[in-house]
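Asker: I'd like to ask you about the structure that follows.
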Amino acid sequence: MKQKYKSTRDHAIAEHRKMWRWIADETTKRQEPVTKEDYFVAIGLEVIPFCRCFLCDYCGVICENCPLVWDSNISDFKCFDKDRKGDGKGLYEKWFKCTPDEWEQAAELARQIAELPEREEYRDNIPENLQNSSR
Numbered sequence: 000m001k002q003k004y005k006s007t008r009d010h011a012i013a014e015h016r017k018m019w020r021w022i023a024d025e026t027t028k029r030q031e032p033v034t035k036e037d038y039f040v041a042i043g044l045e046v047i048p049f050c051r052c053f054l055c056d057y058c059g060v061i062c063e064n065c066p067l068v069w070d071s072n073i074s075d076f077k078c079f080d081k082d083r084k085g086d087g088k089g090l091y092e093k094w095f096k097c098t099p100d101e102w103e104q105a106a107e108l109a110r111q112i113a114e115l116p117e118r119e120e121y122r123d124n125i126p127e128n129l130q131n132s133s134r
């Protein structure tokens, strides 16, 4: 049975930032988009977070509990969509759709994803369903 990746809020945020900074830097260095899978291989991570996302793993894919602020006006899958479900204008979706020729845009989007601000409204008031893994 595969071990589940488990994290605290602060650790999930730190790992998210580390991964996306690496993706931005490597994309710039290679002059082609790199993937989250490339990152996991590069650091030798054997236990992959759910959805290949440290934040989704931490919050159980309940977007309203994501500890970072995504520039989105919808409640679910904020990383994929921005103004309406299925619009594909979320930061992650825009990054994911970058072609090899769009490596500079991919690097810039990865940097934006890395530096998303923290949601202060529950910094010290963790949602009940996350309290056992909050710190």
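Numbers 0 to 134, taken from numbering that gives the first Met the number 0, label the letters of the sequence shown in order.
Think of the CB as a built atom: it goes at the ideal place given N, C-alpha and C, for glycine as much as any other residue.
How far does the alpha helix (DSSP H) with V40 in it extend, from its first residue to its last?
Answerer: Unbroken alpha helix (DSSP H) run through V40: K35 to I42.
Asker: Starting from C50, trace the alpha helix (DSSP H) in both directions and tell me its first and last residue.
Answerer: Segment: none, C50 is in no alpha helix (DSSP H) and carries neither H nor E.
Asker: I'd like to know if the stretch 3-20 and the stretch 95-114 are in contact, where contact means that at least 3 CB-CB pairs between them fall below 8 Å.
Answerer: The stretch 3-20 is in contact with the stretch 95-114.
Asker: Going by the DSSP bridge assignment, what does E117 pair with across the sheet?
Answerer: BP columns for E117 point to L67.
Asker: Could you tell me whether the Cβ atoms of R8 and V68 are closer together than 7 Å?
Answerer: No.
Asker: So, is T34 buried or exposed, given that buried needs 16 or more other C-beta atoms within 10 angstroms?
Answerer: Label assigned to T34: exposed.
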